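Residue numbers (the working numbering), protein chains in the order written: chain C, 1 to 225; chain W, 1001 to 1235.
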């Protein structure tokens, strides 16, 4: 069980929505940890040692035992530190939470990444924007309470930090509109509530530097086409 | 233990449906197995999995659960029974490792196998099967580490990773038939060679994996359909 002698490390990068998920949960549960800022253009030996399979962030290290993949990390943290749970206790609702978290990764994050990278290919881009919108609609229909987790934020909300914070940045840079208040009123309201949540508010990266990094990346993509 | 309100919407050819069947078998659960044709997709499938419209779907009373890895965890959590029939490890770190490798298998293994089997040209086929070989080398390492010489990825008993990978054994036999090369290279994957035997012989697995000949026929028909679709003029 968690004690004061725990050694908790998060290897990550401020610009990563996946790292942000872990960051939010650690703060939500009041867990002390060391953040290791990884330069993804020059990955540390530590990162390569702890995540040889994917060589990606986030990597969560608890007493020298590493775990990779943000959703796997989130479940591990929830099982190890029981305060402020982010997963429901009953198996059916846990299955639903897992389903929607995975949906966000497989359908929404994936489509958004494709939207960004399909710059220059109008037909491909249109298709990817369509996919993105379809996926957002499905999530819009699913949202029944203040948060996906009910009255309090849960794993699905935290997984969806990408939608609340990163997607608007992508939209501003590309000029494309996917998540709008008109098209998705529930999801839009959710994103405002989520971003104003006391823990989330303090633990999302500053917008301007993030925008600058992503804009530079996007400009380089355009230049390469 | 037995329950009459469990239904599995699956397909005999689907490795994902096999996962669920194996999990239900481990727990000794009775259920109604509904064969989904997929062509066209049944109303039941469209209603119970509107998001993906895919099998398997577990219907438990009035609840529907989708995505095979999620279903297996659901089954493990609802029917906790006793330690001898648990599918996921009990300790949080080991659970995380199991979940990581199952996710890896779904991401890397499945895509390489499927893309390789149905690639339209030889160059692509080689690329995907080379990828698959890399994945198998990795999984051999994982097996050696996690099994601790006891036979399964789950150690002494069949576990989450065993089920997630083992469900593909019949499809790997299809690859054997299609390519003429053994599914596991005895020199590079000696551990997996033995594991495949042990897994297939497990009482909870026997009778669930589809017969190779039947699956080969199915795969040939599927390859033909995909080739025809690829050759068809764009709509």
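Backbone N, C-alpha and C fix where the C-beta goes; we use that ideal spot for every residue, glycine too. The structure displayed is predicted, hence computed values, not measured ones.
- Around the CB of residue 192 of chain C, fewer than 16 other CB atoms lie within 10 Å, so the residue is classed as exposed.
- At a cut-off of 8 Å, the C-beta of residue 1031 of chain W has no neighbouring C-beta in chain C.
- For residue 155 of chain C, the closest C-alpha among the options C:32, C:30 and C:102 is that of C:102.
- Nearest to residue 18 of chain C by alpha-carbon distance, out of C:169, C:145, C:162 and C:196, is C:162.
- Counting every other CB atom within 10 Å of its CB across the protein chains shown gives residue 38 of chain C a total of 16 or more, marking it as buried.
- Note on geometry: alpha-carbon atoms of residue 1117 of chain W and residue 1232 of chain W lie some 20 Å from one another.
- Judged by DSSP in its simplified three-state form, residue 66 of chain C adopts strand.
- For the set C:207, C:174 and C:141, the Cα lying nearest the Cα of residue 221 of chain C is the one of C:174.
- Here the alpha carbons of residue 176 of chain C and residue 209 of chain C stand approximately 20 Å from one another.
- Within the stretch 192-217 of chain C, contact with chain W at the beta-carbon level (separation under 9 Å) is assigned to no residue.
- In terms of beta-carbon proximity, residue 95 of chain C lines the interface with chain W, with at least one pair separated by less than 8 Å.
- The C-beta distance from residue 36 of chain C to residue 9 of chain C rounds to 6 Å, short enough to meet the 8 Å contact threshold.
- Judged by DSSP secondary structure, residue 1179 of chain W falls within the alpha helix (DSSP H) whose first and last residues are 1169-1179.
- Comparing alpha carbon positions, the residue from C:99, C:83 and C:214 closest to residue 71 of chain C is C:99.
- Between residue 1008 of chain W and residue 1031 of chain W, the CB-CB gap stays under 8 Å.
- Nearest to residue 51 of chain C by alpha-carbon distance, out of C:180, C:68 and C:127, is C:68.
- According to the DSSP secondary-structure assignment, residue 1155 of chain W is paired through a beta bridge with W:1152.
- Around the Cβ of residue 1220 of chain W, a 10 Å sphere holds fewer than 16 other Cβ atoms; the residue is exposed.
- Within its own chain, the residues whose Cβ lies closer than 6 Å to the Cβ of residue 1218 of chain W, once the five positions on either side in sequence are excluded, are 1013, listed in chain order.
- The residues 1009, 1010, 1011, 1042, 1045 and 1055, in chain order, have a CB closer than 7 Å to that of residue 1036 of chain W in the same chain once the five nearest residues on each side in sequence are set aside.
- Boundaries of the beta strand (DSSP E) harbouring residue 34 of chain C: 34-37, taken from the DSSP string.
- Taking the C-beta atoms as reference points, residue 1087 of chain W is found nearer than 8 Å to residue 1023 of chain W.
- Going by C-alpha positions, residue 1198 of chain W is about 34 Å away from residue 62 of chain C.
- Closest in alpha carbon position to residue 97 of chain C, among C:180, C:76, C:45 and C:157, is C:157.
- The Cβ atoms of residue 136 of chain C and residue 186 of chain C do not sit closer than 8 Å to each other.
- Around the beta-carbon of residue 217 of chain C, fewer than 16 other beta-carbon atoms lie within 10 Å, marking it exposed.
- The beta carbon of residue 1143 of chain W does not come within 8 Å of any beta carbon belonging to chain C, so the residue lies off that interface.
- Straight-line measurement puts the Cα of residue 1004 of chain W at about 31 Å from the Cα of residue 1156 of chain W.
- Our two residues, residue 116 of chain C and residue 125 of chain C, have alpha carbons roughly 8 Å apart in a direct line.
- For residue 1059 of chain W, the enclosing beta strand (DSSP E) stretches over residues 1057-1060.
- Taking C-beta atoms as the reference points, residue 91 of chain C and residue 1102 of chain W fail to come closer than 8 Å.
- Where residue 1009 of chain W is concerned, the enclosing beta strand (DSSP E) starts and stops at 1006-1010.
- Judged by beta-carbon spacing, residue 1120 of chain W lies within the 8 Å limit of residue 1230 of chain W, meaning their Cβ atoms are closer than that value.
- By the neighbour-count criterion, in which 16 or more other beta carbons inside 10 Å mark a residue as buried, residue 1067 of chain W falls on the buried side.
- In the three-state reduction of the DSSP assignment, residue 86 of chain C falls in the coil class, being assigned neither a helical nor a strand state.
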